[in-house]
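> So that we are looking at the same thing, I have put the structure below in structure tokens.
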Amino acid sequence: MLSKKTKYALHALTYLGKHKDEKTVLIQEISEEYGISHKFLENILLELKKAGMLGSKKGKGGGYYLIKEPKDIPLSKVIRLLDGPIAMLPCVSLNYYEPCDECKNEAVCGINRVMIQVRDETLKILENKSLEDILKEE
Numbered sequence: 149m150l151s152k153k154t155k156y157a158l159h160a161l162t163y164l165g166k167h168k169d170e171k172t173v174l175i176q177e178i179s180e181e182y183g184i185s186h187k188f189l190e191n192i193l194l195e196l197k198k199a200g201m202l203g204s205k206k207g208k209g210g211g212y213y214l215i216k217e218p219k220d221i222p223l224s225k226v227i228r229l230l231d232g233p234i235a236m237l238p239c240v241s242l243n244y245y246e247p248c249d250e251c252k253n254e255a256v257c258g259i260n261r262v263m264i265q266v267r268d269e270t271l272k273i274l275e276n277k278s279l280e281d282i283l284k285e286e
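Written as structure tokens, this is what we have:
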């Protein structure tokens, strides 16, 4: 399940994508639109900025804006940034691998084999879906 942090990030990115023709968008606008705490949203937007998805401008006329095209912001990147691994088990994670304590041999573990398939199919979708796909559905 996606965390609230990731859901809020996707809402914020969607709002910024809808308003990409405007120079900047104030945090307050996004906060009010989705009922997100201003401070919590500010922290999320800073993480997205550090990850190279957003830019910001201070002072009068300041706010946040997309620095990438929506098609260039894959959902997998947003989820990994804020929630960490996409895999359901640490023993099948591509980026956050850890052996499972209770597993004696991953090579013959049926759970591991099935979860690799689940991971691969999930990644196929999330790596090929972007902010642009969300915007098309709105």
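If you read the sequence shown in the numbering used here, its first letter stands for residue 149, the second for the next number, and so on. Note that the Cβ used here is the ideal one computed from N, Cα and C, for glycine as well. Values in this document were obtained by computation on a predicted structure and should not be read as measured data.
1. Check whether the region 258-266 and the region 206-214 are in contact - that is, three or more C-beta pairs closer than 8 angstroms.
2. For I273, is the classification buried or exposed, using 16 other Cβ atoms within 10 angstroms of its Cβ as the cut-off for buried?
3. Are the CB atoms of I221 and M201 within a distance shorter than 8 angstroms?
4. Quick one: what's got a C-beta closer than 6 angstroms to Y182's C-beta in the same chain, skipping five residues either side?
5. Could you check how far apart the C-beta atoms of V226 and T154 are, in whole angstroms? I think they sit under 8 angstroms.
6. Using a Cβ-Cβ cut-off of 6 angstroms (strictly less than) and excluding sequence neighbours within five positions of E275, which residues of its own chain qualify?
Considering the structure as presented:
1. The answer is no - the region 206-214 does not touch the region 258-266, with fewer than three Cβ pairs under 8 angstroms.
2. Against the sequence shown, residue 273 aligns to sequence position 125. Residue burial annotation: I273 is exposed, with fewer than 16 other C-beta atoms found within 10 angstroms of its C-beta.
3. Here residue 201 corresponds to residue number 53 of the sequence shown, with the count starting at 1. Here residue 221 corresponds to residue number 73 of the sequence shown, with the count starting at 1. With a cutoff of 8 angstroms on beta-carbon distance, M201 and I221 are scored as near each other.
4. The residue you call residue 182 lines up with position 34 of the sequence shown. Result list for Y182: H159, in chain order.
5. In the sequence shown, residue 226 corresponds to position 78, counting from 1. In the sequence shown, residue 154 corresponds to position 6, counting from 1. With 8 angstroms as the limit, V226 and T154 qualify as a contact, their Cβ atoms being about 7 angstroms apart.
6. Residue 275 sits at position 127 when you count from the first residue of the sequence shown. These residues qualify, in order along the chain: P222, S224.
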